[in-house]
Amino acid sequence: DTGVSQDPRHKITKRGQNVTFRCDPISEHNRLYWYRQTLGQGPEFLTYFQNEAQLEKSRLLSDRFSAERPKGSFSTLEIQRTEQGDSAMYLCASTSQGLIATDTQYFGPGTRLTVL
Amino acid sequence: DQQVKQNSPSLSVQEGRISILNCDYTNSMFDYFLWYKKYPAEGPTFLISISSIKDKNEDGRFTVFLNKSAKHLSLHIVPSQPGDSAVYFCAASLTDSWGKLQFGAGTQVVVTP
């Protein structure tokens, strides 16, 4: 399977705990995105990497959130001191850099976070 | 603010008939539009896209229409099949925005026998 993979698929944690999610993009893709989807809504953009550089962050990404892509391959998204409002599906997407910035993004299955 | 809107949360259609999904946007600078399909417990899957320089794009049973003056796009699925039952998201992007997608809230399509 050469699609985007995410781990874990489900995470249940208690309020105040830290959690970390991993995304492995399609191997030749140099662009990686994180989105968050809450119930009844579409995915919302969180942040974007081109290779290892984090080039844009949404204002949704509070200082409790941090994302990395250290070698330009896999990425991690960490949430510190989780709150119940962080409960959502966290989606990762990747694409390859083409002549335009609107190349198709391929999504992983997501990590569903539940904060108790 | 929600710049991409799908005002119909659900749509029921008979197998073999046409499904028409609608999407409105408020930002006239958007220049690329996409439709994604999502099954439960899976990530969104790309379906079809259209650039703002076109008004129609067709791929098999799927056709997307873009009306820039009305800031409106629609997805036609014909004929509808049971496997088309899913949530459909409309998304929009700006060429100079690093590909960041802005999604609508989605429309749940149910295709009945």
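Here the protein sequences come in this chain order: R and E. For our numbering, add 1015 to where a residue sits in the first sequence, where the first one is 1. Residue 1 in our numbering is what sits at position 3 of the second sequence, and the numbering runs on without skipping anything. The C-beta atom is built at its ideal place from N, Cα and C for all residues, glycine as well.
Of the listed residues the options, nearest to residue i (C-alpha basis)
i: threonine 24 of chain E; options: E:Pro38, E:Leu73 and E:Asn65; result: E:Asn65
i: phenylalanine 1132 of chain R; options: R:Asp1101, R:Thr1053 and R:Ser1081; result: Because chain R here runs from 1016 to 1131, residue 1132 of chain R falls outside it and cannot be looked at.
i: lysine 36 of chain E; options: E:Val109, E:Pro111, E:Thr110 and E:Thr105; result: E:Thr105
i: glutamine 12 of chain E; options: E:Ser83, E:Ser95 and E:Ala103; result: E:Ser83
i: glycine 58 of chain E; options: E:Ser49, E:Phe44, E:Pro77 and E:Ile51; result: E:Pro77
i: valine 1130 of chain R; options: R:Phe1060, R:Phe1036 and R:Thr1028; result: R:Thr1028
i: asparagine 1066 of chain R; options: E:Ser91, E:Tyr34 and E:Trp96; result: E:Trp96
i: glycine 1075 of chain R; options: R:Ala1068, R:Ala1103 and R:Gln1120; result: Sequence check: residue 1075 of chain R is leucine here, not glycine. Looking at the Cα atoms, R:Ala1103 is the closest of the given residues.
i: leucine 1092 of chain R; options: R:Glu1098, R:Val1019, R:Thr1110 and R:Thr1062; result: R:Thr1062
Residue i vs residue j beta-carbon contact at 8 Å
i: leucine 19 of chain E; j: leucine 32 of chain E; result: no
i: tyrosine 30 of chain E; j: serine 47 of chain E; result: yes
i: glutamine 1095 of chain R; j: asparagine 1033 of chain R; result: yes
i: phenylalanine 63 of chain E; j: isoleucine 75 of chain E; result: no
i: glutamine 1056 of chain R; j: leucine 1106 of chain R; result: no
i: serine 1077 of chain R; j: leucine 1047 of chain R; result: no
i: aspartate 22 of chain E; j: lysine 98 of chain E; result: no
i: aspartate 1118 of chain R; j: serine 1111 of chain R; result: yes
i: valine 107 of chain E; j: proline 80 of chain E; result: no
Simplified DSSP assignment, three categories, for residue i
i: glutamine 1099 of chain R; result: helix
i: aspartate 29 of chain E; result: coil
i: aspartate 53 of chain E; result: coil
i: aspartate 82 of chain E; result: helix
Integer-rounded CB distance, given that residue j should sit under 8 Å from residue i
i: glutamine 4 of chain E; j: glutamine 100 of chain E; result: Incorrect: roughly 12 Å between the Cβ atoms, too far for contact.
i: glycine 1125 of chain R; j: glycine 102 of chain E; result: Not quite, the Cβ-Cβ distance comes to about 18 Å (not below 8 Å), so this is no contact.
i: phenylalanine 28 of chain E; j: serine 91 of chain E; result: 7 Å
i: arginine 970 of chain R; j: arginine 1127 of chain R; result: Residue 970 of chain R cannot be examined here, being either before or after the span of chain R that is shown, 1016 to 1131.
Along the region 21 to 43 of chain E, what residues have a CB closer than 9 Å to any CB found in chain R?
Asp29, Tyr30, Leu32, Tyr34, Lys36, Ala39, Glu40, Gly41, Pro42 and Thr43
Short of 7 Å Cβ to Cβ, which residues in the region 1100 to 1112 of chain R face chain E?
Leu1106 and Thr1110
For the region 1056 to 1089 of chain R, list every residue whose C-beta sits within 8 Å of some C-beta in chain E, in sequence order.
Gln1056, Gly1057, Pro1058, Glu1059, Phe1060, Tyr1063, Gln1065, Leu1070 and Glu1071
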